[in-house]
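**Q** Pasting in a structure now, in structure tokens, and then I'll have a few things to ask.
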Amino acid sequence: MANKWFETVAVAQRRAEKRLPKSVYGAIIGGAEKGLSLNGNLTSFDQLGLAPHVAGLQAERSMNTSVFGLDISMPVIISPTGVQAVHPEGEVAVARAATNRGIPMGLSSFGSRSMEDVAAVNSQLLFQMYWSGGRDVMVQRLERAKAAGAKGIILTLDWTFSNGRDWGSPWIPEKLDLKTMIKLSPQALSKPKWLFAYLKTGKLPDLSAPNMAHPGQKPPAFFGAYYEWMTMPPPSWEDIAWLRSQWDGPFVVKGVCRVDDAKRVRDLGATGLSVSNHGGNNLDGTPSPIRALPAIAAAVGSEIDVVLDGGIRRGSDVVKAVALGAKAVMIGRAYLWGLAANGQAGVENVLDILHGGIDSCLLGLGKSHISELTPDDVIAPRDFFVTLGDK
Ligand SMILES: Cc1cc2nc3c(=O)[nH]c(=O)nc-3n(C[C@H](O)[C@H](O)[C@H](O)COP(=O)(O)O)c2cc1C
């Protein structure tokens with residue numbers, strides 16, 4: 001049997017591309033419009049260096065920490081992604097891998113597996129919501145998440161319904177019935193390993209959104225749920241404060257890139273925020289989170305937990321973010337590629353790559369614990385950082 005282990009996230013990405021039908025792979029790559037933010041997220045990390053020592057290094061190193069009230073083995077969290085049709089076990093495989101490596105699982109409202117199934121295998125579930133469906137429906141979702149055992153809520157606020165991409169958007173069918181499969185068959189048949197993994201389970205991907213179901217109703221189709229969200233007027237800060245008041249545990253706002261918004265998130269009583277541009281999937285041209293992080297961490301990081309997501313592909317990226325003020329990072333595409341390449345083991349492989357990379361950096365930088373990292377460990381070009389909304 002071929003060795004399915006991979007040594008870097010880039011290798012996992014190549015395997016995912018080889019294994020997945022073109023439209024499924026295209027959906028994971030994502031990136032709005034011209035891909036300015038998507039590319040910027042990666043090139044920004046490339047522009048940062050590290051400042052190592054050569055002696056007096058630490059033989060014992062650790063990276064356990066706590067964030068959003070959860071104890072975690074390393075400063076990495078699974079970011080919620082609407083992962084449809086990547087792997088038959090989907091988020092359950094990701095959640096098991098996260099449990100085995102001691103980290104929390106963010107589950108998307110648009111995930112393919114239910115919060116109950118995911119909570120059954122990961123005791124650190126963070127359920128992600130959008131402002132969708134009306135107040136009663138959102139309260140019902142919170143109640144369902146509480147009953148399922150979710151430890152916290154991630155409210156994502158940075159989606160702009162941009163739907164054009166210069167390199168073409170993948171076609172996503174309403175559902176995968178026989179007729180659609182025949183239409184898609186050249187793509188699916190050219191990826192027999194992917195198809196076989198589904199056929200073994202006796203089912204095709206059903207492209208529904210079980211976490212967007214209204215009580216007593218069956219899960220809506222992905223696009224039905226998307227329409228519900230799209231047609232909802234965007235929330236005011238008072239709306240967000242109201243939603244926060246409906247949940248008595250950790251509450252995290254995802255998608256912040258400005259200092260003034262970060263202060264409002266703090267003021268409405270959130271537990272934390274993620275500096276994020278949705279992995280470059282929202283308003284193209286929003287700054288890379290790593291550039292916006294230090295100003296936001298300086299403004300609110302002593303009062304609420306500031307994390308970052310966008311562009312994390314290596315342990316050194318995690319270290320740069322933590323050194324510049326993040327308590328932890330969230331990862332998206334990296335684990336999706338691992339999932340596509342080798343299911344649960346592939347996600348564990350990705351988490352081990354990050355763990356190993358963080359440990360190498362701690363060694364080189366002379367640290368015994370992740371909390372000892374400071375901005376002085378990072379070399380940044382002049383004018384690298386951006387501060388938005390701070391008068
Ligand atoms: C395919 C895909 C689907 C996503 N779906 C969601 C989602 O449903 N909810 C959400 O809050 N973020 C979603 N995101 C954004 C991720 O949570 C995260 O912000 C982003 O992937 C981080 O960038 P990275 O992929 O470079 O790590 C999605 C990202 C991707 C790539």
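For the sequence shown, the UniProt record's numbering gives the first residue as 1, with consecutive numbering after it.
Cβ atoms here follow ideal geometry from the backbone N, Cα and C, with glycine treated the same way.
Take the Cβ of residue 267 as the centre, count every other Cβ of all protein chains shown within 10 Å, and call the residue buried at 16 or more, exposed below.
**A** exposed
**Q** Using a Cβ-Cβ cutoff of less than 6 Å, which residues in the same chain neighbour residue 160 once the five nearest sequence positions on both sides are dropped?
**A** Once the five neighbours on either side are set aside, the close Cβ partners of residue 160 are 282 and 283.
**Q** Hey, residue 254 and residue 157: beta-carbon distance below 9 Å or not?
**A** yes
**Q** Under the criterion of a Cβ to heavy atom distance below 8 Å, does residue 333 qualify as lining ligand 1?
**A** Under cutoff, so the answer is yes.
**Q** Is the segment 245 to 260 in contact with the segment 228 to 236, if contact means three or more CB pairs nearer than 8 Å?
**A** no
**Q** Please specify which runs of the alpha helix (DSSP H), each continuous and at least 4 residues long, are wholly inside the segment 111 to 157, giving them in chain order.
**A** You should have 115 to 119 and 135 to 148.
**Q** Note down, one range per segment and in chain order, each alpha helix (DSSP H) of at least 4 residues found wholly within the segment 291 to 333.
**A** With a minimum length of 4 residues, the continuous alpha helix (DSSP H) runs that stay inside the segment 291 to 333 are 315 to 323.
**Q** Is residue 65 helix, strand or coil by DSSP?
**A** strand
**Q** Could you check the C-alpha separation between residue 83 and residue 381 for me, to the nearest Å?
**A** 36 Å
**Q** Can you tell me whether DSSP reads residue 89 as helix, strand or coil?
**A** coil
**Q** Taking residue 40 as the reference, which of 301, 276, 104 and 368 has the closest Cα?
**A** With distances taken between Cα atoms, residue 40 lies closest to 276.
**Q** Taking the alpha-carbon of residue 180 as reference, which of 139, 53 and 207 has the nearest alpha-carbon?
**A** 207
**Q** So, using beta-carbon positions, are residue 332 and residue 310 closer together than 9 Å?
**A** yes
**Q** Roughly how many whole angstroms lie between the Cα atoms of residue 361 and residue 185?
**A** 46 Å
**Q** From the DSSP output, in three-state form, read off residue 228 for me.
**A** helix
**Q** Are residue 78 and residue 95 closer than 9 Å when you measure CB to CB?
**A** yes
**Q** Could you spell out where the beta strand (DSSP E) holding residue 275 opens and where it closes?
**A** 272 to 276
**Q** I'd like to check one pair, residue 272 with residue 306: are the Cβ atoms closer than 9 Å?
**A** yes
**Q** Do residue 194 and residue 24 have their beta-carbon atoms positioned less than 9 Å apart in this structure?
**A** yes
**Q** Give me the residue from 359, 242 and 291 with the minimum Cα distance to residue 386.
**A** 291
**Q** For residue 72, list the residues DSSP reports as bridge partners.
**A** 65
**Q** Does at least one heavy atom of ligand 1 sit under 8 Å from the Cβ of residue 254?
**A** yes
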